[in-house]
Amino acid sequence: MALAVPVLSPFFVTSNSHSLPRRPIPASSMEISQPTPADYADTIPSLTLHILKAPQMLLQAVAYHHPVSPIMGMSGECRCIVPDGTMVPRRHHEYRYICMQRRGSRLLQQHVVLALMLLYRLHRQSQILDNLSGKYVLITGCDSGFGNILAKQLERRGMLVLAACLTEKGAEDLKKETSHRLQTVILDVTDSQSVSSAAKWVTNIVGEAGLWGLVNNAGFAHTISPNEWQTKEDFAKVLNINLLGMVDVTLNLLRLIRNAQGRIVNVSSAAGRISMFGGGYCISKYGVQAFSDSLRREMRAFGVKVSIIEPGSFRTSVCMFDPMMKSLKSYWEKVPAEIKESYGEQYFQQFKDEVEKITSYSSSQVSKVTDCMEHALTAVYPWTRYSVGWDCKFLYLPASYLPTVLSDYILSLFLPKPAH
Ligand SMILES: NC(=O)c1ccc[n+]([C@@H]2O[C@H](COP(=O)([O-])OP(=O)(O)OC[C@H]3O[C@@H](n4cnc5c(N)ncnc54)[C@H](OP(=O)(O)O)[C@@H]3O)[C@@H](O)[C@H]2O)c1
Numbered sequence: 001m002a003l004a005v006p007v008l009s010p011f012f013v014t015s016n017s018h019s020l021p022r023r024p025i026p027a028s029s030m031e032i033s034q035p036t037p038a039d040y041a042d043t044i045p046s047l048t049l050h051i052l053k054a055p056q057m058l059l060q061a062v063a064y065h066h067p068v069s070p071i072m073g074m075s076g077e078c079r080c081i082v083p084d085g086t087m088v089p090r091r092h093h094e095y096r097y098i099c100m101q102r103r104g105s106r107l108l109q110q111h112v113v114l115a116l117m118l119l120y121r122l123h124r125q126s127q128i129l130d131n132l133s134g135k136y137v138l139i140t141g142c143d144s145g146f147g148n149i150l151a152k153q154l155e156r157r158g159m160l161v162l163a164a165c166l167t168e169k170g171a172e173d174l175k176k177e178t179s180h181r182l183q184t185v186i187l188d189v190t191d192s193q194s195v196s197s198a199a200k201w202v203t204n205i206v207g208e209a210g211l212w213g214l215v216n217n218a219g220f221a222h223t224i225s226p227n228e229w230q231t232k233e234d235f236a237k238v239l240n241i242n243l244l245g246m247v248d249v250t251l252n253l254l255r256l257i258r259n260a261q262g263r264i265v266n267v268s269s270a271a272g273r274i275s276m277f278g279g280g281y282c283i284s285k286y287g288v289q290a291f292s293d294s295l296r297r298e299m300r301a302f303g304v305k306v307s308i309i310e311p312g313s314f315r316t317s318v319c320m321f322d323p324m325m326k327s328l329k330s331y332w333e334k335v336p337a338e339i340k341e342s343y344g345e346q347y348f349q350q351f352k353d354e355v356e357k358i359t360s361y362s363s364s365q366v367s368k369v370t371d372c373m374e375h376a377l378t379a380v381y382p383w384t385r386y387s388v389g390w391d392c393k394f395l396y397l398p399a400s401y402l403p404t405v406l407s408d409y410i411l412s413l414f415l416p417k418p419a420h
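Following this line, the structure appears as structure tokens:
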């Protein structure tokens with residue numbers, strides 16, 4: 001039934017138009033629909049289900065300086081709560097025009113907030129520590145690859161570098177290319193004796209001031225093959241270098257790092273986020289993640305920061321086709337005849353092709369990784385994780401967040417099919 005109720009606000013005025021005027025229409029000139037008991041029947045579920053839409057409606061009420069709170073009902077209907085607590089139904093389309101305007105300005109607000117957040121992040125990450133020249137950093141695995149490049153990079157930057165090499169030749173070559181700011185030590189991370197004597201050497205050099213940075217970089221990766229082709233010893237070899245070696249070095253130097261309230265930078269891999277192939281490599285890099293996570297939480301109270309580097313494929317000796325092929329072949333040759341028969345020669349050939357593809361896609365921009373390591377050591381606010389390389393950022397990391405059934409399906413597309 002239609003009544004003229006001039007005391008009620010324009011929000012209760014019915015209209016068949018699909019847009020609202022920009023100013024409220026005087027209620028006295030329009031028809032007002034009066035609510036019936038049926039109009040209130042679904043009030044409670046409506047309020048609950050559409051609670052998310054309420055702020056939009058409240059915005060409208062504020063925009064019109066209106067003393068009511070309109071809330072959208074279930075069937076596109078709106079209910080306006082007037083100050084005395086009664087509710088009156090209202091058609092949805094009458095609010096649409098204002099809602100669209102509000103949506104536009106909200107989108108703009110969201111973009112501004114996002115841009116401000118990005119600027120803040122950029123500002124934070126660009127803040128670098130002063131007095132770097134007095135700080136000591138120990139890097140493991142400096143004979144070649146990331147470790148070798150980082151040692152030279154930090155030395156050029158004026159930091160005091162303690163470069164741990166596996167071989168005498170590696171150490172000598174590095175010394176020839178650098179100044180007195182870089183000193184070398186021979187360190188095999190799998191040998192506890194070697195680790196503790198290197199730790200003593202470091203203690204003598206840095207003294208009670210402590211060690212500012214430790215980069216656990218030494219690693220080995222030529223163990224890629226199906227799990228069944230390997231032995232426990234093959235797994236142990238890579239775990240000893242990549243994981244247990246890292247733990248041993250860290251435990252031996254932790255007191256010195258705490259003294260300096262310094263930094264620990266552990267090199268994991270994209271293969272530490274998604275297990276792409278068999279053998280001990282992915283296991284070791286998952287282990288690095290777990291070790292670093294617990295260490296980071298424990299060390300926080302001491303002012304020590306722990307960062308994890310997760311490179312994708314980069315062109316260093318770890319990611320070279322020939323040594324990878326050599327180890328794959330040696331596993332295949334040692335596999336018992338019945339296992340060989342189950343997989344088939346074609347499986348081996350296809351696996352080889354996949355390894356070749358991965359290595360051929362590897363990036364030659366190795367300094368992207370060492371720049372992240374440097375940032376972790378020198379920034380005021382180092383990041384917890386540095387995912388480096390397009391393959392890591394856009395392929396491996398997103399795949400690691402997929403439901404298992406999906407990531408299994410995608411990775412199975414690249415695996416060869418066994419003969420039996
Ligand atoms: N390149 C990539 O695509 C990639 C991707 C993800 C993660 N990573 C990781 O990055 C780190 C550095 O590798 P890289 O790419 O720079 O390859 P790399 O050139 O082979 O560097 C590894 C270094 O570790 C040394 N090393 C091996 N076994 C050791 C041991 N028992 N004790 C001490 N040092 C040892 C190697 O010495 P020798 O040269 O004398 O053997 C070498 O200097 C590794 O942890 C690797 O897993 C690399």
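Going left to right, the sequence shown walks through residues 1 to 420 as our numbering numbers them.
From the three backbone atoms N, C-alpha and C, an ideal C-beta is built for every residue, glycine too.
Item	Value
Is the segment 263-278 close to the segment 306-315, with three or more CB pairs under 8 Å?	yes
With distances taken between CB atoms, is the gap from residue 231 to residue 279 smaller than 8 Å?	no
To the nearest angstrom, report how far apart residue 24 and residue 100 are at their CA atoms.	Residue placement at residue 24 cannot be trusted, given a pLDDT of 47 that sits under 50; what the coordinates show is reported in the next sentence. Cα to Cα, the separation comes out at about 17 Å.
Terminal residues of the continuous beta strand (DSSP E) containing residue 165?	160-165
Any idea which residues DSSP pairs residue 216 with across the strands?	266
Which residues mark the beginning and the end of the beta strand (DSSP E) in which residue 184 is found?	182-186
Taking 8 Å as the threshold (C-beta atoms), are residue 138 and residue 155 in contact?	no
According to the neighbour-count rule (16 or more other Cβ atoms, all chains shown, within 10 Å of its Cβ), is residue 408 buried or exposed?	exposed
Evaluate residue 124 with the Cβ neighbour count: other Cβ atoms within 10 Å of its Cβ, from every protein chain shown; 16 or more gives buried, anything less gives exposed.	exposed
Report yes if the C-beta distance between residue 304 and residue 261 is below 8 Å; otherwise report no.	yes
Do residue 281 and residue 238 have their beta-carbon atoms positioned less than 8 Å apart in this structure?	yes
Relative to the alpha-carbon of residue 422, which residue among 241, 393, 365, 211 has its alpha-carbon at the smallest distance?	Nothing about residue 422 can be read from this structure; the chain reaches only from 1 to 420.
Is residue 220 near ligand 1, with its Cβ less than 7 Å from a heavy atom?	yes
Just curious, the beta strand (DSSP E) that residue 311 is in, first and last residue?	305-311
Spell out a yes or no on whether the segment 395-414 and the segment 331-341 are touching, meaning 3 or more CB-CB pairs, one atom from each, closer than 8 Å.	no
Which first and last residues belong to the alpha helix (DSSP H) in which residue 225 is found?	From DSSP, residue 225 is part of no alpha helix (DSSP H); its letter is neither H nor E.
Taking just the CA atoms, how far does residue 363 sit from residue 392?	11 Å
So, at 8 Å on beta carbons, what are the nonlocal neighbours of residue 412 in its own chain, with the 5 sequence-adjacent residues on each side left out?	none
Quick check on DSSP: helix, strand or coil for residue 75?	Summary for residue 75: the model assigns pLDDT 44, below 50, so the residue's position carries little reliability, and this model does not support an answer.
How about residue 141 and residue 218: do their beta carbons lie closer than 8 Å?	yes
Which of the three DSSP states is assigned to residue 301 in this structure?	coil
Would the beta-carbon of residue 129 fall within 8 Å of that of residue 370?	no
Any idea what DSSP makes of residue 258, helix, strand or coil?	helix
Any idea what DSSP makes of residue 126, helix, strand or coil?	coil
Apart from the five residues just before and just after residue 317, which ones in its own chain have a Cβ nearer than 8 Å to its Cβ?	144, 145, 323
Of all the options 190, 185, 152, which has the alpha carbon lying nearest to the alpha carbon of residue 168?	185
Do residue 331 and residue 225 have their beta-carbon atoms positioned less than 8 Å apart in this structure?	yes
In the DSSP assignment, what are the bridge partners of residue 379?	128
Would the beta-carbon of residue 249 fall within 8 Å of that of residue 189?	yes
Does the beta carbon of residue 190 fall short of 7 Å from some heavy atom of ligand 1?	yes
Looking only at DSSP bridge pairs, what is residue 249 linked to?	For residue 249, which the question treats as bridged, DSSP gives no partner whatsoever.
Under 7 Å: does the beta carbon of residue 143 sit that close to some heavy atom of ligand 1?	yes
Sort out for me which residues DSSP pairs residue 386 with in a bridge.	309
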